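Asks: In this note's numbering, the protein residues as written are 12 to 646. There's a structure below that I have some questions on.
See the structure below:
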């Protein structure tokens, strides 16, 4: 391989001498004629391929030096250059053995060498592959005379023929293979249109151009980059109806032609007319592409089509930053108030106004609930929101007023995973109507809720509220009854204890009202209702639930930051169900006995009207339903 270049040049010189080459009367380098002794002369270059000179790669065209020697600077990578070209099948190159030894090739001791073909010379190894023994010692042998090791002419990139094995069995003999892109011969019946210098009669004119020089691309398809259109001379010929010429658009853009700044680039067709396919009308896209906060998590998760969000942050968070990214780069965004913003305790409203290029506007709203200093955090169930005490009208009779003392309520409904972790009871929930363990627990009865409350209290070192049979330890209560139990129905509550408990019905209603609108809150259509917002943003109900519960807190919360007070699942209260006494009541906890316990809030299986704050449900304390769960309260 080291002498391929010289041999090739000698061969071409002999060819030149043997042909009736037209020469001048004097042999002068630079006369444009290939004279004896010259490898080339000006544009007269008999060799067009680096491959024919023994090189592997070609980047550009061969050229001729001023001394009529061949300029092979466009050629690179060959056997003999001291660099191992593994991509071209070289295993070694001269003295460069890539720090490989006979031992590395599992051929014992000895001295490994490199052949002129840049393949291993294992003849100096203790054990070496024997060419001709019928066994391909791969990877040291590529083949044996009758075994091509699965390779064919086709697998090597040829179009056909019969592959043979080289004399040393370390390389294939592809002399019997026929046709491939790069052999300077256009192969009929293939996708080749040209090959190297063989253009098969094609010219710029046959390709639809008026002038230029056609060449062949690396994929054996015509390369028309050097051809030019009659209307492609770069000058706009207005008198011939041209609007543009190539990249010459006469200073025009889509915007100048009356299109949007969000358009793509104005182009020019092959007929020298404007290509306005990338031009667009002024955009009406007023969507956000992203909406993020540096503290907390948006509920629900961001979607360009959702415009109302809520979130809560700890009381210790004094300021935060809302970042809005417009979906259309040519729209504008204004965030009110200016970011970053200071937070007040309670509700903080952020408005994001997006104005599209054509003037269309869209507003996004984020309600940031900064927790009260009186909020508590349970390490097991999360935030316990402070609900201030108050007096409110509990029904349509203005004289029926209820007063509740301040308390705390869990921000979210108790989940399936929380129930299992606290009680140690296997998850009773029906999975067919639940999307996962962060959905609210369901298929639990009223007795299950008592067990959860006392176990959570004990787990966190609080005083348990409930006592059954004289004990506050659920371990002493026995298994949770699945039938009505007089013993469990006789449970007593220590209302001064600081442990967890079920909310009373009056507590639940006041919390669902957001501790607001004391005269009319009882009539709200759902928790969080303003009279103009939609229930689907706040509650999972029959109309949007796809007949299953969903992860807690995935809808907007009410004014206190309590999620799912309407929808998702019904929530159990402490009270026995009965008609309320008339008039004013304070911290009313229902009658002492009864047959059914109260539930509120509606659920995923119910229509919207069941989510009204004043709508009361109920079931027997032993009943288990796949749409009923609970949340907890504490002092």
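Every residue gets a Cβ at the ideal spot worked out from N, C-alpha and C, and that includes glycine. All values reported here derive from a predicted model rather than from experimental measurement.
Do residue 344 and residue 335 have their C-beta atoms closer together than 9 angstroms?
Replies: Result yes, Cβ atoms of residue 344 and residue 335 sit closer than 9 angstroms.
Asks: Can you tell me where the alpha helix (DSSP H) holding residue 434 begins and where it ends?
Replies: Its alpha helix (DSSP H) spans residues 427 to 434.
Asks: Where do the N-terminal and C-terminal ends of the alpha helix (DSSP H) with residue 322 fall, by residue?
Replies: Note, residue 322: premise wrong, no alpha helix (DSSP H); beta strand (DSSP E) at 319 to 324.
Asks: Whole angstroms are fine: how far does the CA of residue 59 sit from the CA of residue 34?
Replies: Here residue 34 scores only 45 on pLDDT, less than 50, and its place in the model is too uncertain to base an answer on.
Asks: Compare the beta carbon distance of residue 378 and residue 358 with 9 angstroms and say whether it is the shorter of the two.
Replies: Yes. Within cutoff.
Asks: Would residue 235 and residue 220 qualify as a contact pair, given that the criterion is a beta-carbon distance under 9 angstroms?
Replies: Their beta carbons are under 9 angstroms apart, which means residue 235 touches residue 220 by this criterion.
Asks: Between which two residues does the beta strand (DSSP E) harbouring residue 600 extend?
Replies: Here residue 600 belongs to no beta strand (DSSP E), and DSSP marks it neither H nor E.
Asks: Taking the C-alpha atoms as reference points, what is the distance between residue 572 and residue 320?
Replies: Residue 572 and residue 320: Cα-Cα distance of roughly 12 angstroms.
Asks: Measuring straight from C-alpha to C-alpha, what distance separates residue 637 and residue 445?
Replies: In a straight line, the C-alpha of residue 637 is about 9 angstroms away from that of residue 445.
Asks: Do you know whose CA, among 339, 137, 229, 113, lies nearest residue 71's CA?
Replies: Residue 71 has its Cα closest to that of 229, out of 339, 137, 229, 113.
Asks: Reducing DSSP to helix, strand and coil, say where residue 644 ends up.
Replies: DSSP places residue 644 in strand when its eight states are reduced to three.
Asks: With distance defined between alpha-carbon atoms, name the residue in 255, 398, 374 nearest to residue 302.
Replies: Nearest C-alpha to residue 302: 374.
Asks: So residue 95 and residue 103 are in contact, right, with Cβ under 8 angstroms, and what is the actual spacing, rounded?
Replies: Right, their Cβ atoms sit about 6 angstroms apart.
Asks: Along the chain, where does the alpha helix (DSSP H) that runs through residue 499 open and close?
Replies: Residues 497 to 500.
Asks: Which one of 340, 543, 480 has the shortest CA to CA distance from residue 504?
Replies: Of the candidates 340, 543, 480, the one whose C-alpha sits nearest the C-alpha of residue 504 is 480.
Asks: Among the residues of its own chain, which have a CB less than 8 angstroms from the CB of residue 393, if the five just before and after it don't count?
Replies: These residues qualify, in order along the chain: 421, 422, 423.
Asks: Cα separation between residue 155 and residue 118?
Replies: Going from the Cα of residue 155 to the Cα of residue 118 covers about 19 angstroms.
Asks: Assign residue 603 to buried or exposed, taking buried as 16 or more other Cβ atoms, counted over all protein chains shown, within 10 Å of its Cβ.
Replies: So residue 603 counts as exposed.
Asks: So what's residue 651 in DSSP terms, helix, strand or just coil?
Replies: Limits of the chain in this structure are 12 at one end and 646 at the other, which puts residue 651 out of reach.
Asks: Spell out the partners DSSP gives residue 587 in its beta bridges.
Replies: In DSSP, residue 587 forms a bridge with 608.
Asks: How long is the line joining the alpha carbons of residue 162 and residue 183, rounded to whole angstroms?
Replies: Cα to Cα, residue 162 sits roughly 9 angstroms from residue 183.
Asks: Starting from residue 520, trace the alpha helix (DSSP H) both ways and give me its first and last residue.
Replies: Run containing residue 520: 516 to 523, per the alpha helix (DSSP H) assignment.
Asks: What runs of the beta strand (DSSP E), each 3 residues or longer, lie entirely inside the stretch 439 to 518?
Replies: Entirely contained in the stretch 439 to 518, not one beta strand (DSSP E) run reaches 3 residues.
Asks: In three-state terms, what does DSSP make of residue 346?
Replies: Three-state result, residue 346: strand.
Asks: Give a yes or no on contact between the stretch 455 to 468 and the stretch 591 to 603, applying the rule of three or more CB pairs nearer than 8 angstroms.
Replies: No: fewer than three Cβ pairs fall under 8 angstroms.
Asks: Looking only at its own chain, which residues have a Cβ that is under 7 angstroms from the Cβ of residue 28, when we skip the five neighbours before and after it?
Replies: Unreliable placement is indicated for residue 28, whose pLDDT of 41 sits below 50; no coordinate value is reported for it.
Asks: Does residue 8 come out as helix, strand or coil in the three-state DSSP assignment?
Replies: Because residue 8 is not part of the residues shown, which for the chain are 12 to 646, the question remains open.
Asks: Would you give the residue range spanned by the beta strand (DSSP E) that residue 418 belongs to?
Replies: 418 to 421 is the span of the beta strand (DSSP E), which, as asked, contains residue 418.
Asks: Could you compute how far the alpha carbon of residue 630 sits from the alpha carbon of residue 360?
Replies: Approximately 39 angstroms between the Cα atoms of the pair.
Asks: How is the beta strand (DSSP E) around residue 377 delimited, first residue to last?
Replies: 372 to 381 is the extent of the beta strand (DSSP E) around residue 377.
Asks: Can you tell me whether residue 206 is buried or exposed? The criterion is at least 16 other CB atoms within 10 Å of its CB, across all chains shown.
Replies: Buried.
Asks: Where does residue 285 sit, in a helix, a strand or coil, going by DSSP?
Replies: Residue 285 falls in the strand class under three-state DSSP.
Asks: Since I believe residue 322 is in contact with residue 307 (beta carbons under 8 angstroms), could you give me their beta-carbon distance rounded to a whole number of angstroms?
Replies: Correct: roughly 4 angstroms between the Cβ atoms.
Asks: Express the C-alpha separation of residue 195 and residue 232 in angstroms, rounding to a whole number.
Replies: Roughly 12 angstroms between the two C-alpha positions.
Asks: Residues in its own chain within less than 7 angstroms of residue 606 by CB, not counting five upstream and five downstream?
Replies: 631, listed in sequence order.
Asks: Could you check the C-alpha separation between residue 61 and residue 208 for me, to the nearest Å?
Replies: Cα to Cα, residue 61 sits roughly 13 angstroms from residue 208.
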